[in-house]
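Visitor: Here's a structure for you.
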Amino acid sequence: MKLLMLGSGTSTGVPRIGNDWGECDPAEPRNRRSRVSIIVENDSGQRILVDTSTDLRAQLLANDVAKVDAVFWTHDHADHCHGIDDLRVMRYDRSNPLPGFASKVTCERLKRRFDYVFEGQFGYPTLIDLKEITSKPLVAGFSFDFVEMPHGPVTSTGFRFEADGKALVYATDFSEITPAMLKCFSGTDILVVDCLRRKPHPTHANLEMALELGRKTRAKRVVLTHMDKSMDYRSLCAEVPAGVTVGYDGLEMRA
Numbered sequence: 001m002k003l004l005m006l007g008s009g010t011s012t013g014v015p016r017i018g019n020d021w022g023e024c025d026p027a028e029p030r031n032r033r034s035r036v037s038i039i040v041e042n043d044s045g046q047r048i049l050v051d052t053s054t055d056l057r058a059q060l061l062a063n064d065v066a067k068v069d070a071v072f073w074t075h076d077h078a079d080h081c082h083g084i085d086d087l088r089v090m091r092y093d094r095s096n097p098l099p100g101f102a103s104k105v106t107c108e109r110l111k112r113r114f115d116y117v118f119e120g121q122f123g124y125p126t127l128i129d130l131k132e133i134t135s136k137p138l139v140a141g142f143s144f145d146f147v148e149m150p151h152g153p154v155t156s157t158g159f160r161f162e163a164d165g166k167a168l169v170y171a172t173d174f175s176e177i178t179p180a181m182l183k184c185f186s187g188t189d190i191l192v193v194d195c196l197r198r199k200p201h202p203t204h205a206n207l208e209m210a211l212e213l214g215r216k217t218r219a220k221r222v223v224l225t226h227m228d229k230s231m232d233y234r235s236l237c238a239e240v241p242a243g244v245t246v247g248y249d250g251l252e253m254r255a
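Using my numbering, read the sequence shown as starting at 1 and increasing by one per residue.
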């Protein structure tokens, strides 16, 4: 199984508008972070896209990705879903809509906000066949599990994907580690984990919590994501323990 990190930044990206790099060195290319999204790919070449970030078109072009086989959403916050329209091109050569999956609440909110994507309008076809995740079917060659994670006053869905004897967990936008998360994520080969900043935050994991989740799940490798302008790439690389990778846009890793 392969991880492709399309974006690794928080909701404002790095730099922020106004060319605000914060503590990040502008001369280090891996500090330039677009909004978070990943692709997981199995050995047969089937791909699952997780979240349609605000920067999705640029991310897919930068990584030469022309198609995916299914789309999952963690939640409906803008930085995780407002690139949804860029999936239109992937519908052109298909006889049916792309399969899409999310929690009940996320499905309801996405359909309300982007009705044309899921219903079709004015002669345009439905782009995505969106289903609530109520079971754990096989999707695009992957089996998967999921758990709702506290994200301040709301929740975000964490996913565990398995294929080819390997497991990858995507846990972004959480503010607390729960027993259900530990059960779902235990023993994964790669844990991609929310890591907004070093200081505690009311709706996101900080560095300490991200590393704690890696330890408690006994993840073989941990990859940090959703980082803000305080998280300089090289400084953070020197700080994290062995087995932890500071994520960046375009990172590829095999489980």
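Even glycine gets a Cβ: it sits at the ideal position worked out from N, Cα and C.
Under a three-way DSSP split, which group does Ile84 fall into?
Guide: Stepping through the sequence shown from its first residue, residue 84 is reached at position 84. Ile84 falls in the helix class under three-state DSSP.
Visitor: Taking the alpha carbon of Leu236 as the reference point, which residue from Asp93, Lys136, Glu252 and Leu211 has its own alpha carbon closest?
Guide: What you label residue 236 is simply residue 236 of the sequence shown in a count that begins at 1. The residue with the shortest Cα to Cα distance from Leu236 is Leu211.
Visitor: In chain order, what residues of the same chain lie with their CB nearer than 6 angstroms to the CB of Tyr257, ignoring the 5 residues before and after it?
Guide: Outside the displayed span of the chain (1 to 255) sits residue 257, for which this structure offers no information.
Visitor: What's the call for Val192, buried or exposed, on a 16-neighbour Cβ count within 10 Å?
Guide: Position 192 of the sequence shown, counted from the first residue, corresponds to residue 192. Val192 is buried by the Cβ-count criterion.
Visitor: How far does the alpha helix (DSSP H) with Tyr116 in it reach, from first residue to last?
Guide: The count along the sequence shown starts at 1 and reaches residue 116 at position 116. Asp115 to Glu119 is the extent of the alpha helix (DSSP H) around Tyr116.
Visitor: Below 8 angstroms CB to CB, which residues in the same chain sit around Arg33 once its five sequence neighbours on both sides are set aside?
Guide: Working through the sequence shown from its first residue, we reach residue 33 at position 33. For Arg33, where only same-chain residues beyond five positions count, the Cβ hits under 8 angstroms are Gly7, Ser8, Gly9, Thr10, Gly13, Val14, Met227, Tyr248 and Asp249.
Visitor: Mind checking Thr134: buried by the 16 CB within 10 Å criterion, or exposed?
Guide: Position 134 of the sequence shown, counted from the start, is the residue given in the question as residue 134. When all chains shown are included, Thr134 counts as exposed.
Visitor: Do you know how far the Cα of Ile177 is from the Cα of Pro150?
Guide: In the sequence shown, counting from the first residue as 1, residue 150 sits at position 150. In the sequence shown, counting from the first residue as 1, residue 177 sits at position 177. Rounded to the nearest angstrom, the two C-alpha atoms are 8 angstroms apart.
Visitor: Identify the continuous beta strand (DSSP E) that holds Ala180 and give its terminal residues.
Guide: Reading the sequence shown from its first residue, position 180 is the one you call residue 180. Per DSSP, Ala180 belongs to no beta strand (DSSP E); it is in the alpha helix (DSSP H), Pro179 to Phe185.
Visitor: Taking the alpha carbon of Leu60 as the reference point, which residue from Pro153, Ser44, His75 and Gly83 has its own alpha carbon closest?
Guide: For this step, residue 60 is matched to residue 60 along the sequence shown. Nearest of Pro153, Ser44, His75 and Gly83 to Leu60, Cα basis: Gly83.
Visitor: For the stretch 208-239, list the beta strand (DSSP E) runs that are entirely contained and at least 3 residues long, ordered along the chain.
Guide: Listed in chain order, they are 221-225.
Visitor: Do you know how far the Cα of Leu182 is from the Cα of Leu213?
Guide: Looking up residue 213 in the sequence shown gives position 213. Looking up residue 182 in the sequence shown gives position 182. So the two alpha carbons sit approximately 8 angstroms from each other.
Visitor: Quick one: residues in its chain with C-beta nearer than 7 angstroms to the C-beta of Val65, no 5 flanking neighbours on either side, listed in chain order?
Guide: As a working mapping, residue 65 is identified with position 65 in the sequence shown. Hits under 7 angstroms: Ile39.
Visitor: Counting only runs that start and end within the stretch 9-75, where is the beta strand (DSSP E) found for 3 or more residues in a row?
Guide: Listed in chain order, they are 37-41, 47-50 and 70-72.
Visitor: Going by the beta-carbon positions, is the gap between Leu3 and Ala255 smaller than 9 angstroms?
Guide: Position 3 of the sequence shown, counted from the first residue, corresponds to residue 3. Position 255 of the sequence shown, counted from the first residue, corresponds to residue 255. Yes. Within cutoff.
Visitor: What ranges does the beta strand (DSSP E) occupy inside the stretch 129-181, keeping only unbroken runs of at least 3 residues that lie completely in it?
Guide: DSSP runs (the beta strand (DSSP E)) wholly in the stretch 129-181: 142-151, 154-163 and 166-171.
Visitor: Per DSSP, Tyr124 forms a beta bridge with which residues?
Guide: Your numbering for residue 124 matches position 124 in the sequence shown. Gln121.
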